[in-house]
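Worksheet: one structure, shown below.
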Amino acid sequence: MDRISNPADLPESTLTDLFLGAIDRHGDHLAYRYFADSGDDLTDLGFRDIYQFVRAATAGLTALGLSRGDKVAILSENRWEWAVSDFACLCSGVLDVPIYSTLTVSQTAYIVDNSQARLLFVSTSEQVKKAKAVRRQLGADIKIVAYDRLEFPSEGVISWEEFLAPGWVITETDEEHFRVTAGQARPDDVATILYTSGTTGDPKGVMLTHNNLASNVTAVRRVIPSMEDDISLVFLPLSHVLQRMVSYLHFAEGTTQDFAHSMDTVAHDLTVVRPSVVTSVPRLYEKVYNRVMGAEGLKKKLVQWSRKVGDEWAEETLAGHSLSVVLRLKYGIADLLVFRKIRKAVGGRIRYFVSGGAPLAPDINLFFFSAGVWIFEGYGLTETSPVTNCNTFEDFKIGTVGKPIPGTEIGIGENGEILVRGPQVMKGYYNLHEQTAKVLDPGGWFHTGDVGEIDEDGFLTITDRIKDIIVTAGGKNVAPQPIENLLKTNNYIEQAVMIGDRRPFCVLLVVPSFTNIESWARKVGLDVTDRTALLGQREVQDLMEGQILDQLEELARYETPKKIGLLESPFTIENGALTPTQKVKRSTVESQYRKIIDAFYLRENMDQTVFVEP
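Our numbering numbers the first residue of the sequence shown as 236 and each following residue consecutively.
Right, dumping it as structure tokens:
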């Protein structure tokens with residue numbers, strides 16, 4: 236199919252309507268919970284508490300001279316104050332600009348300067364230092380409000396308590412004024428400017444309106460509803476449009492949102508919070524999968540048998556076939572011995588996960604489904620607020636990103652490019668009219684830059700990103716993402732990136748899973764005290780070569796990497812190899828590892844397959 240639509244009546248609305256409606260419906264219910272310290276005790280915040288904080292924060296914005304149309308930035312990790320600041324901006328007509336807390340001073344300064352933000356909300360003393368450095372670099376009078384109580388007063392920094400102080404004297408007239416002001420928002424008003432994480436070039440400010448986000452909330456809640464008695468664990472950055480939209484959805488539905496300690500504690504926090512609904516990027520599922528598949532000895536044989544049984548059960552179940560008595564019995568044993576433990580590891584009461592931001596390997600999704608855990612893979616971009624497609628309980632097909640959500644049209648354009656039309660499509664890029672015209676055509680179609688196919692049942696499959704397509708020197712087109720995805724299912728591989736654009740052949744950079752490599756190495760008598768030396772061992776190189784080539788044996792010859800580079804250090808946000816949404820910056824990786832990549836193609840190395848990062 237080259238086009239599919241899901242017509243729906245989505246009344247125009249605003250995020251302020253969503254906020255006030257949720258307060259009026261769920262006032263006595265818990266809105267957020269957070270860990271007050273490094274322990275496991277959670278502190279409660281009800282909807283009425285949030286309402287009072289938001290009212291106080293709007294008064295704080297006014298006291299600092301900010302008014303409708305001004306911009307402020309939020310430079311913070313996830314926390315309840317982030318949400319309060321956001322709602323206060325929405326209710327006062329101030330546009331907020333989320334900034335990932337992991338960005339550098341120069342990256343942060345670019346966004347603050349480009350957006351013309353007049354105030355920075357920041358979280359910790361570390362972020363205060365960054366904000367002050369930004370202010371010095373720009374030479375601008377930018378106000379800074381710090382959420383954390385600072386150990387030493389900092390010149391030019393306003394505490395959260397000082398900021399809220401003007402709003403604590405509340406009268407009936409004040410409340411009426413607050414609601415009237417909040418009600419002045421119009422569906423087509425820009426609510427926020429989100430800067431794309433940018434795999435290439437400078438980030439662009441995506442202008443999303445109230446209705447862009449509110450319509451996405453309405454559409455998604457019709458196909459993947461959450462409920463007042465649900466609990467969600469929040470760990471994706473609120474700066475990420477997916478988590479932000481989902482958080483609006485959960486707020487509207489009265490779902491309690493628990494903030495994780497950090498991204499590094501998610502595995503532990505899942506067992507403490509025991510959530511029923513969770514939104515994540517594929518990295519979480521990959522880690523759980525590789526941990527399970529990395530089992531050893533008798534446990535490994537049991538896991539492999541259970542996976543085989545689970546695959547058979549899942550395929551029969553998804554096809555709608557009746558299960559044989561023998562298969563039911565085998566599955567019951569596999570569930571008792573393996574799958575039940577997996578469900579317990581993710582909290583024990585998950586109704587569903589949502590996966591977005593990057594492709595999820597179909598084998599991993601199938602494995603979770605066989606373990607009784609639904610993962611609804613979806614698709615979207617910052618420019619589409621973000622969701623355009625999603626799998627659901629009713630329409631579920633592993634390996635796809637689902638059917639269009641209500642009110643959305645999907646088309647396949649030139650070169651297989653995915654096109655989107657619907658109320659969630661952005662207003663445009665901030666102060667970039669030519670760039671906007673390149674991606675938004677006169678017919679209202681947004682050109683995503685992704686390549687995909689629509690099957691006969693209306694499910695969309697993403698095959699790659701146009702900019703990521705590798706064209707070898709011989710003119711062969713290679714889509715790297717499906718190959719990298721396939722390798723992620725191997726428990727000896729942590730990360731993999733394909734390189735080869737305009738070169739004679741494709742090559743592969745691999746970060747091994749050192750936990751599993753070292754376990755294997757001990758068994759065969761290798762020294763594991765030094766990772767660099769370990770990667771230099773011929774036995775390890777032979778193992779990795781065999782694992783990779785076996786995994787990719789069904790690829791065409793021109794798709795198969797001819798050289799493999801083993802790296803000791805992972806690709807991270809901090810070293811610039813990944814965007815804050817965990818997408819690979821392929822050009823950055825190629826630049827950072829130029830030395831080893833160039834060595835792949837030297838004549839004297841023609842007979843060598845595996846290399847180690849120098």
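Note that CB positions come from ideal geometry on N, CA and C, so glycine has one too.
A quick note: this is a predicted structure, and the numbers were derived from the prediction, not measured.
Taking C-beta separations shorter than 8 angstroms and ignoring five residues to either side along the sequence, the partners of Asp263 in its chain run Gly281, Phe282, Arg283, following chain order. Listed in chain order, the non-local C-beta contacts of Val319 below 8 angstroms within the same chain comprise Ile285, Phe288, Val289, Ala292, local neighbours out to five positions each way being set aside. A distance below 8 angstroms separates the beta carbons of Leu761 and Glu774. Shown here for Arg479: same chain residues with a beta carbon closer than 7 angstroms to its own, the five before and five after excluded, namely Leu473 in chain order. Secondary structure note for Cys625: its beta strand (DSSP E) is the uninterrupted segment 622-625.
In the DSSP assignment, Tyr520 falls outside any beta strand (DSSP E) and lies within the alpha helix (DSSP H) extending over 517-528. Counting C-beta pairs with one atom in each stretch, the segment 415-434 and the segment 393-401 have fewer than three that are closer than 8 angstroms, which means they do not touch. The secondary-structure analysis by DSSP pairs Pro333 across a beta bridge with Ile309.
With a threshold of 16 other beta carbon atoms within 10 Å, His496 meets it and is buried. The criterion of a C-beta distance shorter than 8 angstroms is not satisfied by Gly781 and Leu743. By the CB criterion at 8 angstroms, Gly651 and Gly687 fall inside the cutoff. If you ignore the 5 residues before and after Thr359, its C-beta comes within less than 7 angstroms of the C-beta of Asp383, all in its own chain and listed in chain order. Assignment of Gln730 by DSSP, reduced to helix, strand and coil, places it in the strand class.
As computed with DSSP, Ser590 is found in a beta bridge with Ser515, Glu612. Residue pairing of Lys638 in beta bridges, as defined by DSSP: Cys625.
For Leu468, the enclosing beta strand (DSSP E) starts and ends at 466-469. By the criterion of at least three beta-carbon pairs nearer than 8 angstroms, the segment 574-581 is not in contact with the segment 638-657. Per the coordinates, the alpha-carbon of Gln492 lies some 10 angstroms from the alpha-carbon of Arg314. Partner residues in the beta bridge of Thr696, as assigned by DSSP, are Glu688. For Asn650, there is no enclosing beta strand (DSSP E), as DSSP marks it with neither H nor E. For the pair Tyr665 and Gly440, the Cα-to-Cα distance works out to about 5 angstroms.
Where Lys702 is concerned, there is no enclosing beta strand (DSSP E), because DSSP gives it neither an H nor an E.
The three-state secondary structure of Ser240, taken from DSSP, is strand. Each of Arg584, Gly642, Phe413 was checked against the Cα of Arg457, and the nearest Cα belongs to Gly642. In the DSSP annotation of this structure, Arg268 is not part of any alpha helix (DSSP H); the continuous beta strand (DSSP E) holding it starts and ends at 265-270.
The C-beta of Trp317 has 16 or more other C-beta atoms within 10 Å across all chains shown, which makes the residue buried.
Secondary structure of Leu769 (DSSP, three-state): helix.
Excluding the 5 residues flanking it on each side, Glu825 has same chain C-beta neighbours closer than 6 angstroms at Ile734, in chain order. Residue pairing from DSSP places His682 in a beta bridge opposite Leu654. Between Thr343 and Thr431, the alpha-carbon positions lie close to 13 angstroms from each other.
Contact check for Val307 against Asp331 passes: the beta carbons are separated by less than 8 angstroms. Within the same chain, Cβ atoms closer than 8 angstroms to the Cβ of Lys830 are found at Pro849, the five residues on either side in sequence being excluded. A residue is called buried once 16 or more other Cβ atoms fall within 10 Å of its Cβ, and Pro242, having fewer, is exposed.
Residue Asn451 holds the alpha-carbon nearest to the alpha-carbon of Thr623 among Leu595, Glu463, Gly663, Asn451. Close CB contacts of Leu616 within its chain, under the 7 angstroms cut and outside five residues either way in sequence, are with Thr683 (chain order).
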